[in-house]
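>
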Amino acid sequence: MSDRDSEAALVLASIRRTFEQGGDQLEILKGVDVTLEPATTTALVGPSGSGKSTLLHIAGLLERPTSGNIVVNGRDCTTLADSVRTRLRRDSIGFVYQFHHLLPDFTAIENVMMPRLLQGKGYRAAQGDAGDLLERLGLGHRLTHRPARLSGGEQQR
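The sequence shown runs 0 to 156 under numbering that gives the first Met the number 0.
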């Protein structure tokens, strides 16, 4: 790992991912290399079926590559135990899915509080953090609304 890689937020090196389909090996990702710097925005684009979601699942430690290395914030995550990967994902990685996966019976603030509560934060601290975040996103007036009462853009935020 180079000095530059140790400063990167995410490094994917020589990532390969294959699946078995009907006795054949289907190679979805073939030696993908990606380095993302902290505080940058990157778009991953490509046609349907090109491996975008698979690559994001590998980058987010939701799925393991067939081969290659994953480094998150300078830490090699390639061979970490599932419990450690889960903790790292919970504490350091965030996703904004195209479809929001909000809990329909929870309010906006309760949906945002959930990850903090899972991290072991107390209820009041999680509520304060969630309220502050929703305010910054322009949703302070929607704290008690359930997802069905939020627009698609509000749900995404």
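Even glycine gets a Cβ: it sits at the ideal position worked out from N, Cα and C.
Remember, it's a predicted structure, so these values are computed and weren't measured experimentally.
Which parts of the region 34-79 are runs of the alpha helix (DSSP H), unbroken and 4 residues or longer, counting only runs that do not cross its ends?
You should have 51-58.
> Return yes when the Cβ of V10 is within less than 9 Å of the Cβ of V83, no when it is not.
Against a cut-off of 9 Å, the Cβ pair of V10 and V83 comes out as no contact.
> What's the gap between the Cα of P37 and the Cα of S150?
Each residue's Cα considered, the two are about 30 Å apart.
> Cutting at 8 Å between CB atoms, please list the residues of its own chain near T106, excluding the five before and the five after it.
Counting only Cβ-Cβ distances below 8 Å, and skipping sequence neighbours, we find L142, T143, H144 and R145.
> Grouping DSSP H, G and I as helix and E and B as strand, with all else coil, what is S13?
The answer is strand: DSSP assigns S13 an E or B state.
> Under the three-state reduction of DSSP, which class applies to G136: helix, strand or coil?
The sequence given here has Leu at residue 136, not Gly. Coil, per DSSP.
> Can you give the Cα-Cα distance for G73 and G119, rounded to whole angstroms?
Distance between the alpha carbons of G73 and G119 is about 24 Å.
> Would you mind working out which of G59, D32 and E26 sits nearest G48, comparing C-alpha positions?
The candidate whose alpha carbon is nearest that of G48 is E26.
> If you follow the alpha helix (DSSP H) that S91 is in, where does it begin and where does it stop?
Looking at the DSSP string, the run of the alpha helix (DSSP H) that includes S91 is D81 to S91.
> Reducing DSSP to helix, strand and coil, say where D32 ends up.
Strand at D32.
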